[in-house]
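In numbering that gives the first Met the number 0, the protein residues as written are 0 to 93.
Written out below as structure tokens is the structure these notes cover.
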Amino acid sequence: MTKPQLRSKLERSRKLRDKYRDLFRRQRLALRTEVGSKAGTKGNANERTRQKEEIMAEVVAKFEERIAQIELDEDMEFAEASEGKGMADASAQH
Numbered sequence: 000m001t002k003p004q005l006r007s008k009l010e011r012s013r014k015l016r017d018k019y020r021d022l023f024r025r026q027r028l029a030l031r032t033e034v035g036s037k038a039g040t041k042g043n044a045n046e047r048t049r050q051k052e053e054i055m056a057e058v059v060a061k062f063e064e065r066i067a068q069i070e071l072d073e074d075m076e077f078a079e080a081s082e083g084k085g086m087a088d089a090s091a092q093h
């Protein structure tokens, strides 16, 4: 996958993670008033939304890790190319 494709998928993943995080909070607050417990939990009522948020957070972390690796590889390639060009220029002058 190319770097621009990864960035696009990362942006979409972040939006989905934020969506599920916000939905989980809203549902928890709604359950809190319905159930009367401060935690706002009632069995598995909100469990799937929490799981979706966790999954999307993992996806975001993996995309960020992959982009960082690609950028590191690009930096190393640039450094090698610059070093090689510097040596070629030096030998051409002598």
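Where a beta carbon is used, it is the ideal one built from N, C-alpha and C, also for glycine.
None of the values given here were measured: they were computed from a predicted structure.
- The continuous alpha helix (DSSP H) containing THR32 extends over residues 2 to 34.
- Under the three-state reduction of DSSP output, ALA44 falls in the coil class, being neither helix nor strand.
- Between ARG49 and PHE23, the gap from beta carbon to beta carbon is short of 7 Å.
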